[in-house]
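Visitor: Okay, here's the structure, questions in a sec.
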Amino acid sequence: MDARQHLPRSADLSTLAEAVRTCTACELHENGTRAVFGEGRPDARLVLVGEQPGDVEEREGHPFVGPAGKLLNRAMQDAGLDREHAYVTNAVKHFRFTRGSGPRRIHATPEVRHIEACRPWLNAELALLNPEVVVVLGATAVRALLGNAYRVTRDRGKLLPFEVPTNGEDAAVHTTHALITTHPSAVLRTPPDRKEEAYQALVHDLTVAAKALA
Ligand code: URA
355 MDARQHLPRS ADLSTLAEAV RTCTACELHE NGTRAVFGEG RPDARLVLVG EQPGDVEERE
415 GHPFVGPAGK LLNRAMQDAG LDREHAYVTN AVKHFRFTRG SGPRRIHATP EVRHIEACRP
475 WLNAELALLN PEVVVVLGAT AVRALLGNAY RVTRDRGKLL PFEVPTNGED AAVHTTHALI
535 TTHPSAVLRT PPDRKEEAYQ ALVHDLTVAA KALA
């Protein structure tokens, strides 16, 4: 089962954001968290897609507002990209986590079935936005948008052809660009002696997106 039956028939981004709150397409809604939808300008030429909301995002109800989001903001700025002009979302809209001994929620990577269940929401966002460049942050977003054929380390930093999903069978297919890069959380997890290098590699990839939009 996927989220198609939860999608309103004709929708704009705010209707979708409202509807996702009652999505039960996979079991992640059972963990008591809220779905976090994408945010940004409806006329954005640039869309960034991450994995899933983290602990802070789920509490605050906005994508990429925690530590990874702060690093992403800085990297975008260093690459000459303005988050205010972009749209930021995730492949999976609920937070998947495990519980440790205390109250802390420990991030758990979503499985393929969560990505598949949630994909109609991401497709609907992209169909409405019709962006010129989609930045694909990390392996989960790669799986959601590009399938099995691509790898972050091998394929990062290149403009790849990407077919924007459409909202109907008659709609013309629009081919644009996807750009794979590392997830900002991976930069945060990099050991201190290699962190700056990992950060600069992220900025470098984002600069490719900035040039494509210039
Ligand atoms: N990581 C993600 O992939 N998305 C967020 O919104 C936050 C952290």
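In the numbering used here, the protein residues as written are 355 to 568.
All C-beta atoms in this analysis are idealised placements derived from N, C-alpha and C, irrespective of residue type, glycine included.
1. Looking only at C-alpha atoms, which of Asp397, Pro464 and Asp436 sits nearest to Cys380?
2. Just list the residues that DSSP pairs Phe391 with in beta bridges.
3. Leaving out five residues on either side along the sequence, give the residues of the same chain with a beta carbon under 7 Å from the beta carbon of Pro421.
4. Locate the alpha helix (DSSP H) running through Asn385, then write down its first and last residues.
5. Should Met355 go down as buried or exposed, given a rule of 16 or more other Cβ atoms within 10 Å for buried?
6. Could you work out which residue in Ala552, Thr387 and Thr530 is closest to Thr376 when comparing CA atoms only?
7. When you compare only the Cα positions, how much space is there between Gly404 and Arg510?
8. Once you ignore the five residues that flank Ala398 on each side, which residues in its own chain have a CB closer than 7 Å to its CB?
9. Alpha carbon to alpha carbon, how far is Leu513 from Leu426? Give it in angstroms, no decimals.
10. Less than 8 Å separating the beta-carbons of Ala357 and Pro474?
11. Check whether the Cβ atoms of Gly492 and Thr536 lie closer than 8 Å to each other.
12. Taking the continuous beta strand (DSSP E) assigned at Gly404, which residues delimit it?
13. Please give me, in chain order, every unbroken run of the beta strand (DSSP E) with length at least 3 that falls completely inside the segment 506-563.
14. Among His448, Asn521 and Arg453, whose alpha-carbon lies nearest the alpha-carbon of Leu382?
15. Using the Cα positions of Asn477 and Ile469, report the straight-line distance between them to the nearest angstrom.
16. Between the Cα of Val390 and the Cα atoms of Ala481, Ile460, Cys472 and Thr544, which residue gives the shortest distance?
17. Could you give the distance in angstroms between the alpha-carbon of Met551 and the alpha-carbon of Ser364?
18. Of all the options Ala564, Met430, Glu372 and Leu400, which has the alpha carbon lying nearest to the alpha carbon of Gly415?
19. Using a Cβ-based criterion (distance less than 7 Å to any ligand heavy atom), does Asn427 qualify as near the ligand URA?
20. Counting along the chain, where does the alpha helix (DSSP H) carrying Thr443 start and finish?
21. Can the beta-carbon of Val489 be found closer than 8 Å to that of Leu533?
22. Please confirm whether Pro417 and Asn385 have their CB atoms less than 8 Å apart.
23. Who are the Cβ neighbours of Gln359 in its own chain at under 6 Å, not counting the five residues just before and after it?
Guide: Concretely, from the data shown:
1. Pro464
2. DSSP links Phe391 through a beta bridge to no other residue.
3. Leu542
4. From DSSP, Asn385 is part of no alpha helix (DSSP H); its letter is neither H nor E.
5. exposed
6. With respect to the C-alpha of Thr376, the residue from Ala552, Thr387 and Thr530 having the closest C-alpha is Thr387.
7. CA-CA distance, Gly404 to Arg510, rounds to 14 Å.
8. Within the same chain, Ala398 has close Cβ partners His439, Ala440, Tyr441, Leu483 and Pro485.
9. 19 Å
10. Closer than 8 Å, so yes.
11. Taking the C-beta atoms as reference points, Thr536 is found nearer than 8 Å to Gly492.
12. Per DSSP, Gly404 is one residue of the beta strand (DSSP E) stretching across Leu400 to Gly404.
13. 513-518 and 528-535
14. The candidate whose alpha carbon is nearest that of Leu382 is His448.
15. 12 Å
16. Nearest option by C-alpha distance: Cys472.
17. The displayed chain sequence assigns Glu, not Met, to residue 551. C-alpha separation (whole angstroms): 45 Å.
18. Glu372
19. no
20. That residue, Thr443, is in no alpha helix (DSSP H); its beta strand (DSSP E) goes Tyr441 to Asn444.
21. yes
22. no
23. none
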